[in-house]
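**Student:** Here the sequence shown is numbered in the working numbering, starting from 108 and rising by one per residue.
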Amino acid sequence: MRTVRQAKKTSSIKIPTRTYYKIRKFAKKTGRLLQDILTEAVEEYLKNRKKNFFDRWSVGGRTAPGSISEGPAGEGDQA
Numbered sequence: 108m109r110t111v112r113q114a115k116k117t118s119s120i121k122i123p124t125r126t127y128y129k130i131r132k133f134a135k136k137t138g139r140l141l142q143d144i145l146t147e148a149v150e151e152y153l154k155n156r157k158k159n160f161f162d163r164w165s166v167g168g169r170t171a172p173g174s175i176s177e178g179p180a181g182e183g184d185q186a
């Protein structure tokens, strides 16, 4: 397990090492900073407290979504 801290905050969560590597690979592909993606992910996780939030990154070697805030269909507020 890897511990991921939010920038300038004390809260942290543990994510599976394998998932961390998937996120790292995604960051490298997209050219975004790893810490930015992780911070965004941690903030969203702490907001929603979804049990399997990080599973979207570890789906059998598939590419991660274009943005961490994009979720599977049906998630989020519906108008």
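Think of the CB as a built atom: it goes at the ideal place given N, C-alpha and C, for glycine as much as any other residue.
Could you compute how far the alpha carbon of Ile122 sits from the alpha carbon of Val111?
**Tutor:** Cα-Cα distance, rounded: 7 Å.
**Student:** Do the CB positions of Val149 and Ile130 come within less than 7 Å of each other?
**Tutor:** No, they are not a contact pair.
**Student:** Applying the 10 Å Cβ sphere with the 16-neighbour rule, what's the burial state of Tyr128?
**Tutor:** Exposed is the call here.
**Student:** Is Arg109 helix, strand or coil when you go by DSSP?
**Tutor:** Strand at Arg109.
**Student:** Apart from the five residues on each side of it in sequence, which residues of its chain come closer than 6 Å, Cβ to Cβ, to Ala134?
**Tutor:** For Ala134, where only same-chain residues beyond five positions count, the Cβ hits under 6 Å are Leu141 and Ile144.
**Student:** With DSSP as the reference, identify every bridge partner of Ile120, one or two as the case may be.
**Tutor:** In DSSP, Ile120 forms a bridge with Val111.
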